[in-house]
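Note sheet for the following structure.
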Amino acid sequence: MIIQVLGTGCSKCKTLYDLANKAVQETGVEAMVEKVEDIQQIMSYNIIMTPGLVIDGYVKVAGRLPSLEEVKKLITAAKAA
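Add 172 to the 1-based position in the sequence shown for my numbering, that's all there is to it.
Set out below in structure tokens:
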């Protein structure tokens with residue numbers, strides 16, 4: 173599983189990156205979490221407002237900061253799919 177946190181370094185983007193890593197640890201899912209700061213790559217997902225959370229190429233959250241529980245649910249659901 174590849175989890176991408178889209179954002180150019182704002183505080184919410186950094187927080188989402190930390191939440192994604194924590195969610196991966198707490199769920200035990202095998203995943204790589206990476207930051208995507210390149211604006212062209214972010215725009216390729218049609219994200220206008222950051223932060224964004226992409227799991228295996230699918231945008232799951234855009235323009236807001238989800239809770240840790242929500243991130244865990246999104247990761248678990250993506251694993252089951």
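Don't be surprised by glycine CBs; every beta carbon is placed ideally from N, CA and C.
Bridge partners - residue i, DSSP secondary structure assignment
{"i": "Ile174", "result": "Met204"}
{"i": "Val231", "result": "Val226"}
Beta-carbon contacts of residue i that lie in its chain and below 6 Å, excluding the five residues immediately before and after
{"i": "Pro223", "result": "Gly179, Lys184, Cys185, Leu188"}
{"i": "Ile175", "result": "Ala192, Ala203, Val205, Ile227"}
Beta-carbon contacts of residue i that lie in its chain and below 7 Å, excluding the five residues immediately before and after
{"i": "Lys251", "result": "Met173, Val201"}
{"i": "Lys244", "result": "Ala195, Glu198, Thr199"}
{"i": "Val233", "result": "Gly224, Leu225"}
{"i": "Leu237", "result": "Lys184, Thr187, Leu188, Pro223"}
Residues near residue i by beta carbon distance below 8 Å, same chain, minus five either side
{"i": "Ile214", "result": "Leu178, Gly179, Thr180, Val208, Thr222, Gly224"}
{"i": "Cys182", "result": "Thr222, Pro223"}
{"i": "Thr248", "result": "Thr199, Val201"}
Coarse secondary structure for residue i, derived from DSSP in three states
{"i": "Ala249", "result": "helix"}
{"i": "Leu240", "result": "helix"}
Beta carbon of residue i nearer than 7 Å to that of residue j
{"i": "Val263", "j": "Tyr217", "result": "No information on residue 263 is available, as it lies outside the stretch 173 to 253 that the chain covers here."}
{"i": "Leu246", "j": "Leu191", "result": "no"}
**Prompt:** Which runs of the beta strand (DSSP E) fall wholly inside the region 181 to 226 and span at least 3 residues, in chain order?
**Reply:** Fully enclosed beta strand (DSSP E) runs of 3 or longer: 204 to 208.
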